[in-house]
Each structure stands twice: as structure tokens, then as C-alpha cells.
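To start, the structure itself, in C-alpha cells.
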Ligand SMILES: [Zn+2]
């Protein structure tokens, strides 16, 4: 029997803390290109704290994407998650 009240817990690849899946942003890498999860393929999660500190997660993202292209990843991340909080 499935537990009805159980929230799926996923790990943020930036800080490696575990959170309920609904609190995380799900992303994936397709052919080294970072994008929002499209329901197919391997994916990973980032928490909102890490999304605010995009410098911190770039390394983790590079590892996930098996890409050394930091610029490209940072640029894609900003496209997927616009940083509007900058004043
Ligand atoms: Zn995190």
C-alpha cells in the first residue's frame, strides 16, 4: 500500500540538503544543455536558497551536465530562472 501522506523527498544538488520535492526546482541536462525538466530523462533538483546563489551551484551544474562550459551554464540558468530580485 502506498503511503498517502508521504511527501517525496529529493536532494538539492547545490547544498545536498533534502527537501520535499514540491519545494525544489527540477532541471535536467540534455546533450550538455541545461533546461527545465521535460518529463523525459535524467533530472536533478535545486532548492530556492541555491537558486539565489547561482555562483555556488554552477560547479554542481557543470558536474550534472558533464560540461566545462561555465558561461553557457550560467547563461542558461538565468534564462530558466530569471533573477528578478536584483535591484
Ligand atoms: Zn540547495
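In the numbering used here, the protein residues as written are 323 to 409.
Glycine is no exception: its CB is placed at the ideal position from the N, C-alpha and C atoms.
Does ligand 1 have a heavy atom nearer than 6 Å to the CB of residue 369? Counting from 1 along the chain shown, the entry for residue 369 is found at position 47. Shortest gap from the CB of residue 369 to any heavy atom of ligand 1: under 6 Å.
Worksheet entry | C-alpha distance - residue 380 paired with residue 395, whole-angstrom precision | Here residue 380 corresponds to residue number 58 of the chain shown, with the count starting at 1. Here residue 395 corresponds to residue number 73 of the chain shown, with the count starting at 1. Straight-line Cα distance between these residues: approximately 7 Å.
Next on the checklist: Just to confirm, is the Cβ distance from residue 367 to residue 346 under 7 Å?
Outcome noted: Numbered from its first residue, the chain shown carries residue 367 at position 45. Numbered from its first residue, the chain shown carries residue 346 at position 24. Yes, they are a contact pair.
Quick one: does the C-beta of residue 363 sit closer than 6 Å to a heavy atom of ligand 1? Residue mapping note: residue 363 aligns to position 41 of the chain shown, counting from 1. In terms of side-chain proximity, the C-beta atom of residue 363 is found no nearer than 6 Å to any non-hydrogen atom of ligand 1.
What are the residues that DSSP puts in a beta bridge with residue 333? Taking the chain shown and counting its residues from 1, the one referred to as residue 333 is at position 11. Residue 333 is bridged to 340.
### Query
Would you call residue 329 buried or exposed, if buried means 16 or more other Cβ atoms sit within 10 Å of its Cβ?
Here residue 329 refers to the residue found at position 7 when the chain shown is read from its first residue. Classification of residue 329: exposed, given that the 10 Å Cβ count is below 16.
Residue 336: which of 365, 369, 353 sits nearest, CA to CA?
In the chain shown, residue 336 corresponds to position 14, counting from 1. In this structure, 369 is the residue among 365, 369, 353 with its C-alpha nearest to the C-alpha of residue 336.
Cβ separation of residue 351 and residue 386, assumed to be a contact under 8 Å, to the nearest whole Å: The residue labelled residue 351 in the question sits at position 29 within the chain shown. The residue labelled residue 386 in the question sits at position 64 within the chain shown. Confirmed, Cβ separation roughly 6 Å.
**Asked** According to the neighbour-count rule (16 or more other Cβ atoms, all chains shown, within 10 Å of its Cβ), is residue 398 buried or exposed?
**Response** For the purposes of this step, residue 398 is taken as the residue at position 76 of the chain shown. Buried, because 16 or more other Cβ atoms sit within 10 Å of the Cβ of residue 398.
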